[in-house]
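Residue numbers (my numbering): 1151 to 1710.
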């Protein structure tokens, strides 16, 4: 993750929260132990302010999302409700170089006297916290409590005097002379590396972006002029016209949000009118991705376990087949012992006989079991021969079953990489249950199964449908018109694609083939072969399996 959630970004987002000043808190809720949501009633309408001290995702922004309230209010929630409900926000104090926001409130106490207090929101990563501070500077409560015994940490506990977080020793860009002096003391590193070690309030990605825009090369030694330019440009970011954006990677997963799009961060940029909207979209997409990954995790685990078992089964079967290749040796030894049974006496360790199976008429020495007579030794070799031959038959069947199972599991693994919706995962789950790789859930009230929808692309005026699992592949193939074009990667697992046009142009076919290749197991390859033919030449067998004929092949580079 890029993580530019620095003091600059927090400061710019907090500036937008000024619309809440003068507003009254109507409701307080805590969806989890480290998150507080305050519902403000302002002259501009109602707004939900989300404050979170989650060590991984500390944040403060206006949200439009709904969060489930706990069934039972905790002591901390009851305290915040008592002290904050009805309070009026009088001011928001921002810090340009520290990841902190202080919300100042005014309210009537139990004696109907006007009192003031603060909500200190410290968005400092693993030390993040939300602290309620009385007007006399004493801590009233906090979401995370830190005892005085915690080594090297500031104590945060009800009844103690509130102190700011421990200083980091870094210097902000507004203290130019001090920052310059500190950077110039750093030797053996570039200006960018030195600034990154000394500057406060700016993430590494922000420092990299500023140096990129200034054109200062990474190998340059620290210089006063470079530091001056850096400070001047960094200061301008606090006042420049914001163009809030969220960057998504090639798989549609959120990378991060920015005050302005960073030229050093690649991905698809989605712009917003406010930074708070961008933050809300980013965290919404992030949690949806996390929720989707958690939903697919047991399916991936089932596929992984089944793949490991079938690989072992395949190896065992291959070994047994290899052993059976020498089964005839036991039969020959049995025949030779039987032919020379009159020569062999009980207790002999071996016997040398003429090998009438040898075209050259040579001799062979046969090891004997001293506890058995000649007839029993011959019987033992015949028994070993029959055992290996029977094992070979069972092993050949097991080999085929394991090979077929691995092929299906590889296809399902590809589908899990392509799926983007829970309904699609439900269809994959149903297939895994039918194959016996996942135990069916306990019977519940039967719910109507919702069919998932395939991808739909516009290819120069023609619609291209792309299936993301075997159920979708079957549906789009069976429902297509006989004159539609069907596409699939050659000799690899992937989506079925249907181009809804009877007479596609060369450019339409090429684009459709590029998309088809992208949603396959060979998406990272180049010059991928994609077969295409008319739907009337495609014969479905269920489970995403088809036969097709009268096809042609295109070679393309996968492209979404």
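Note that CB positions come from ideal geometry on N, CA and C, so glycine has one too.
Start and end residues, alpha helix (DSSP H) containing residue i
i	result
residue 1305	Taken as a continuous stretch (DSSP letters only), residue 1305 belongs to no alpha helix (DSSP H), as it is neither H nor E.
residue 1538	1524–1568
residue 1357	1354–1364
residue 1504	Segment 1500–1504 is the beta strand (DSSP E) holding residue 1504; no alpha helix (DSSP H) there.
residue 1707	Neither: residue 1707 is in no alpha helix (DSSP H) and is coded neither H nor E.
residue 1166	1157–1166
residue 1335	1326–1335
residue 1484	1477–1489
residue 1695	Run containing residue 1695: none in the alpha helix (DSSP H); it sits in the beta strand (DSSP E), 1695–1698.
residue 1341	1341–1348
Sub-8 Å separation of residue i and residue j beta-carbons
i	j	result
residue 1190	residue 1239	yes
residue 1336	residue 1347	yes
residue 1187	residue 1251	no
residue 1624	residue 1694	yes
residue 1213	residue 1231	no
residue 1601	residue 1668	no
residue 1687	residue 1659	no
residue 1578	residue 1569	yes
residue 1118	residue 1708	With the chain running from 1151 to 1710 in the structure shown, residue 1118 is simply not present.
residue 1208	residue 1278	yes
residue 1679	residue 1649	no
residue 1249	residue 1157	yes
residue 1552	residue 1471	no
residue 1516	residue 1500	yes
residue 1446	residue 1582	no
residue 1556	residue 1403	no
residue 1257	residue 1287	no
residue 1494	residue 1518	yes
residue 1360	residue 1330	no
residue 1535	residue 1580	no
residue 1572	residue 1442	yes
residue 1614	residue 1626	no
Of the listed residues the options, nearest to residue i (C-alpha basis)
i	options	result
residue 1508	1499, 1485, 1437, 1344	1485
residue 1665	1171, 1607, 1635	1607
residue 1643	1392, 1267, 1477, 1620	1620
residue 1221	1199, 1195, 1179, 1256	1179
residue 1128	1363, 1374, 1444	This structure gives no information on residue 1128, because the portion of the chain shown stretches from 1151 to 1710.
residue 1652	1671, 1363, 1630	1630
residue 1185	1205, 1173, 1166, 1500	1205
residue 1656	1618, 1622, 1705	1705
residue 1100	1243, 1227, 1217	Coverage of the chain is limited to positions 1151 through 1710, which leaves residue 1100 absent and any answer about it impossible.
residue 1196	1326, 1217, 1174, 1414	1174
residue 1406	1392, 1388, 1429	1429
residue 1215	1468, 1556, 1431, 1490	1431
residue 1449	1396, 1564, 1311, 1350	1564
residue 1356	1409, 1528, 1640, 1310	1409
residue 1632	1524, 1211, 1402, 1685	1685
residue 1285	1404, 1265, 1276, 1271	1265
residue 1532	1498, 1489, 1480	1480
residue 1525	1226, 1354, 1456, 1491	1491
residue 1129	1528, 1469, 1268	This structure gives no information on residue 1129, because the portion of the chain shown stretches from 1151 to 1710.
residue 1274	1247, 1227, 1580, 1554	1247
residue 1586	1253, 1418, 1455	1455
Anticipated Cβ contact below 8 Å, residue i with residue j, distance rounded
i	j	result
residue 1696	residue 1703	Going by Cβ atoms, the distance from residue 1696 to residue 1703 rounds to 16 Å, so no, they are not a contact pair.
residue 1201	residue 1280	6 Å
residue 1384	residue 1352	6 Å
residue 1381	residue 1293	Contact doesn't hold; Cβ gap of about 35 Å is too wide.
residue 1425	residue 1163	5 Å
residue 1588	residue 1452	5 Å
residue 1422	residue 1395	7 Å
residue 1349	residue 1321	7 Å
residue 1318	residue 1358	Residue 1318 to residue 1358, Cβ: 20 Å. No contact.
residue 1505	residue 1512	6 Å
residue 1342	residue 1368	5 Å
Run of the beta strand (DSSP E) containing residue i, from where it starts to where it stops
i	result
residue 1250	1250–1258
residue 1714	There is no way to answer for residue 1714, as the model of the chain reaches only from 1151 to 1710.
residue 1289	1289–1292
residue 1270	1264–1272
residue 1682	1678–1684
residue 1181	1174–1182
residue 1311	No beta strand (DSSP E) contains residue 1311, which DSSP labels as neither H nor E.
residue 1513	1513–1517
Heavy atom of the ligand FAD within 7 Å of residue i beta-carbon
i	result
residue 1609	As far as ligands go, the structure on display features none, and thus does not contain the ligand FAD.
For the region 1195–1240, list the alpha helix (DSSP H) runs that are entirely contained and at least 4 residues long, ordered along the chain.
1225–1234
Only counting runs of 4 or more residues, tell me where the alpha helix (DSSP H) segments fall wholly within the region 1373–1428, in order along the chain.
1374–1386
Can you check the region 1584–1667 for any alpha helix (DSSP H) of at least 4 residues that lies completely inside it and give the ranges in chain order?
1620–1628
Report the start-end ranges of each beta strand (DSSP E) in the region 1440–1464 that is 3 residues or longer and not cut off at the edges.
none
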